[in-house]
Amino acid sequence: MSGFYDINAGVPQGSVFGLVLYTLFTVDLPQSPGVTVATFADDTAILASHTNPVKASEILQKSLLETQMWMERWRITASPAKSLHITFTLRTGDCPPVKFGNNVLPHTRCVGYLDMHLDRKLTWKKHN
1 MSGFYDINAG
11 VPQGSVFGLV
21 LYTLFTVDLP
31 QSPGVTVATF
41 ADDTAILASH
51 TNPVKASEIL
61 QKSLLETQMW
71 MERWRITASP
81 AKSLHITFTL
91 RTGDCPPVKF
101 GNNVLPHTRC
111 VGYLDMHLDR
121 KLTWKKHN
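All residue numbers for the sequence shown refer to full-length UniProt numbering, where the first residue is 1 and numbers rise by one.
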């Protein structure tokens with residue numbers, strides 16, 4: 001017979017109700033103006049949109065700081081090794097770098113999200 005244990009923070013991984021608990025646990029993730037927060041299961045994407053790439057990075061950086069404070073309040077740790085930064089644009093150049101905590105998020109030209117490969121120009125070439 002299983003015993004009962006106190007859970008002080010987070011959601012137990014591998015549990016039958018883990019995905020439901022994670023969804024309920026993260027329902028109050030910060031939502032900043034100009035930012036879309038997309039969650040599915042335990043994957044979270046934070047998207048900032050602006051015509052000016054510098055402004056987009058500033059908006060994203062502000063949202064990342066709010067998310068970091070939310071995570072500290074709820075005693076959740078992020079996986080920096082799984083975190084990436086991508087600029088979706090047809091223009092040349094990238095947005096300025098952003099940080100999560102003390103880590104600069106690595107910039108990439110293609111990112112995987114929910115088994116989709118999204119390249120910076122949204123061409124879907126990785127799926128061919």
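Where a beta carbon is used, it is the ideal one built from N, C-alpha and C, also for glycine.
Determine whether the beta carbon atoms of residue i and residue j lie at a separation below 8 angstroms.
| i | j | result |
| --- | --- | --- |
| Thr123 | Leu84 | no |
| Ala48 | Ala38 | no |
| Glu66 | Ser32 | yes |
| Thr92 | Arg120 | no |
| Trp70 | Pro106 | no |
| Leu21 | Ala41 | no |
What's the C-alpha gap between residue i and residue j?
| i | j | result |
| --- | --- | --- |
| Arg28 | Lys126 | Sequence check: residue 28 is Asp here, not Arg. Straight-line Cα distance between these residues: approximately 34 angstroms. |
| Leu114 | Thr23 | 16 angstroms |
| Gln61 | Gly3 | 43 angstroms |
| Ile76 | Phe100 | 13 angstroms |
| Ser15 | Lys82 | 22 angstroms |
If I measure Cβ to Cβ from residue i and keep anything under 7 angstroms in the same chain, skipping five residues before and after, which residues do I get?
| i | result |
| --- | --- |
| Asn103 | Pro80 |
| Gly34 | Ala48, Ser49, His50, Ile59 |
| Val111 | Leu84, Ile86, Leu118 |
| Gln68 | Phe100, Gly101 |
On the DSSP bridge assignment, give the partners of residue i in chain order.
| i | result |
| --- | --- |
| Ala45 | Ala38 |
| Tyr113 | Met116 |
| Phe100 | Asn103 |
| His85 | His107 |
Leaving out the 5 sequence neighbours to the left and right, which residues in its chain are closer than 8 angstroms to residue i when beta-carbon positions are compared?
| i | result |
| --- | --- |
| Thr26 | Thr39, Thr44 |
Legend entry - Touch test, the stretch 90-110 against the stretch 53-65, Cβ-Cβ under 8 angstroms, three pairs minimum: Yes: at least three Cβ pairs fall under 8 angstroms.
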